[in-house]
Amino acid sequence: MSKVALITGITGQDGSYLAELLLEKGYEVHGIIRRSSSFNTGRIEHLYIDELIQDMHKERKVKLHYGDMTDSTNLIRLIREIEPTEIYNLAAQSHVQVSFEVPEYTADTDGIGTLRLLEAVRFLGFEKKTKIYQASTSELYGKVQEVPQSETTPFYPRSPYAVAKMYGFWITKNYREAYDMFAVNGILFNHESERRGETFVTRKITLAVARIKSGKQKKLYLGNMDAKRDWGYAKDYVECMWLILQYDKPEDFVIATGEMHTVREFTTLAFKEAGIELEWQGTGIDEKGVDKSTGKVLVEVDPKYFRPTEVEQLLGDPTKAKEKLGWNPTNTSFKELVKIMVKSDMKMVAKEERIRKSFD
Ligand code: NDP
Ligand code: GDR
Numbered sequence: 001m002s003k004v005a006l007i008t009g010i011t012g013q014d015g016s017y018l019a020e021l022l023l024e025k026g027y028e029v030h031g032i033i034r035r036s037s038s039f040n041t042g043r044i045e046h047l048y049i050d051e052l053i054q055d056m057h058k059e060r061k062v063k064l065h066y067g068d069m070t071d072s073t074n075l076i077r078l079i080r081e082i083e084p085t086e087i088y089n090l091a092a093q094s095h096v097q098v099s100f101e102v103p104e105y106t107a108d109t110d111g112i113g114t115l116r117l118l119e120a121v122r123f124l125g126f127e128k129k130t131k132i133y134q135a136s137t138s139e140l141y142g143k144v145q146e147v148p149q150s151e152t153t154p155f156y157p158r159s160p161y162a163v164a165k166m167y168g169f170w171i172t173k174n175y176r177e178a179y180d181m182f183a184v185n186g187i188l189f190n191h192e193s194e195r196r197g198e199t200f201v202t203r204k205i206t207l208a209v210a211r212i213k214s215g216k217q218k219k220l221y222l223g224n225m226d227a228k229r230d231w232g233y234a235k236d237y238v239e240c241m242w243l244i245l246q247y248d249k250p251e252d253f254v255i256a257t258g259e260m261h262t263v264r265e266f267t268t269l270a271f272k273e274a275g276i277e278l279e280w281q282g283t284g285i286d287e288k289g290v291d292k293s294t295g296k297v298l299v300e301v302d303p304k305y306f307r308p309t310e311v312e313q314l315l316g317d318p319t320k321a322k323e324k325l326g327w328n329p330t331n332t333s334f335k336e337l338v339k340i341m342v343k344s345d346m347k348m349v350a351k352e353e354r355i356r357k358s359f360d
């Protein structure tokens, strides 16, 4: 039977890497995109080149459809037309801090959106032919009840985003149990890449480093420098999404590196990659990152980035994924991840500069 995948959130970081992986594996890949007033397909442009111009790339093309997680009839129609054998539900308002500003929309997209998708599959009678992957998150653990967190650790969500994702987690599990569907959760810890959205802390840091190094930005303002995260590489993580759906039983899995670092550590390493040694002075909102060689303050704390309720630390235990899926999360180390991101942003900033100069 030919494999047909439908990816919601295909224009996002993970969606773009997953689309590449599934095309390589010979899948027919469909993706849902939202109408927007400016282009939102930058991460996947290379996967849907106009077939009239690039006929030879035909087999590497994704098929894009307009849709939205808030529109059930749209989801039903698309699933009926595409008849996917696998659905990867990656679409979400995925920014934790933004979810405090748009809690209802976040609940609608991330929580009820998941229900709409599951219900569409059930309504169409596709329970036995369509497997569903739900993008669950380490944010479910929130105020952590045990360290490290595994599939059995209790949840304590700390943001409207996490609460919405909690609904997504349980409704997926409920449909699995109630209707015998292959509907599963990947509980993924933070994963980053050169395609990470620019307002998530890692990418915000690596972009700032590149801009500061080239004289285009003076300072980087951050929030909670003490927050600790288990950061992995997105490319490794999308492979795991696929492995979870290929496993012979529908089960939920934690995907993490098993290593935890502070925002401060990430920042120090990122500047170091660009040849800048930082020294930290002060504490709390007075903390500053100072360039050792020039004495210039390059990093400051801005309380506007503090969250009403913070998740202080997350550390995942990926033992189950390692043992049952044979997954190896150490392909890209923390240091390597920071290096990849800084290098890519330095390249991007240099390219922007060349383009700007060509207009001078
Ligand atoms: P991104 O924010 O990069 O991408 C989110 C995607 O969802 C985008 O394609 C976006 O479209 C789409 N989207 C948002 N709202 C809607 C909507 N109402 N209807 C349809 N599509 C919508 O997220 P990531 O790629 O980083 O993450 C993928 C998924 O995994 C998300 O569900 C996220 O919550 C979850 N997750 C991510 C982790 C991480 O560390 N990256 C860790 C654990 C879970 P557009 O481009 O138009 O905005
Ligand atoms: P997170 O990622 O909330 O873990 O959610 P983010 O990178 O936004 O924050 C990580 C930690 O860094 C602290 N922080 C800052 N965060 C941002 N964005 N900007 C800042 O200036 C800043 N300064 C400090 C935060 O307070 C936090 O503690 C991500 C998303 O991808 C979710 O969709 C996903 O579910 C989780 O990871 C796992």
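Counted from 1, the sequence shown has number 58 at position 58 by the UniProt record's numbering; the numbering is strictly sequential.
Note that beta-carbon positions come from the ideal geometry of N, C-alpha and C, so glycine has one too.
- Only residues of its own chain outside the window of five on either side were considered, and among them K3 and V4 have a CB closer than 6 Å to the CB of T85, listed in chain order.
- Following the DSSP letters along the chain, one finds Y133 inside the beta strand (DSSP E) bounded by residues K131 to T137.
- In this structure, E139 has its beta carbon less than 7 Å from a heavy atom of the ligand GDR.
- Fewer than three pairs of CB atoms, one per stretch, sit closer than 8 Å, so the segment 253-261 makes no contact with the segment 203-214.
- Shortest Cα-Cα distance from T319 to any of E312, W327 and P160 involves W327.
- Here the alpha carbons of Y237 and I7 stand approximately 15 Å from one another.
- For the pair H65 and I44, the CB atoms are not nearer than the 8 Å cut-off.
- In terms of CA proximity to I187, S150 leads the group L278, Q93 and S150.
- Our two residues, L298 and K249, have alpha carbons roughly 50 Å apart in a direct line.
- Here V96 is buried. Its C-beta has 16 or more other C-beta atoms within 10 Å.
- Fully contained in the segment 74-106 are the following alpha helix (DSSP H) runs of length 4 or more, in chain order: 96-101 and 103-106.
- Here R211 really is in contact with V349; their C-beta atoms are around 6 Å apart, less than 8 Å.
- Exclusion of the five residues before and after R176 leaves A183 and P250 as the residues of its chain whose Cβ lies within less than 6 Å of its Cβ.
- The beta-carbon separation of K131 and L245, rounded to 5 Å, stays under the 8 Å limit for a contact.
- According to the DSSP secondary-structure assignment, N185 is paired through a beta bridge with Q134.
- With the rule of 3 Cβ pairs closer than 8 Å, the segment 158-176 counts as touching the segment 136-145.
- Per DSSP, reduced to three states, the secondary structure at F266 is helical.
- Annotation for Q97 indicates a beta carbon within 7 Å of some heavy atom of the ligand GDR.
- With a 10 Å radius around the Cβ and a threshold of 16 neighbouring Cβ atoms, Q281 comes out exposed.
- Spanning the alpha carbons of K173 and N185 requires a straight line of approximately 8 Å.
- With a cut-off of 7 Å, the C-beta of L315 is classified as distant from the ligand GDR, since no heavy atom of the ligand falls inside that distance.
- Rounded to the nearest angstrom, the Cβ distance from S99 to S159 is 5 Å, consistent with a contact under 8 Å.
- Among the bridge pairs identified by DSSP, Y66 is matched with I33.
- C-alpha of V209 to C-alpha of F123: approximately 50 Å in a straight line.
- Residue pairing from DSSP places L222 in a beta bridge opposite V301.
- When secondary structure is reduced to three states using DSSP, W231 falls in the coil class, being assigned neither helix nor strand.
- Exclusion of the five residues before and after R116 leaves M69, S72 and L75 as the residues of its chain whose Cβ lies within less than 7 Å of its Cβ.
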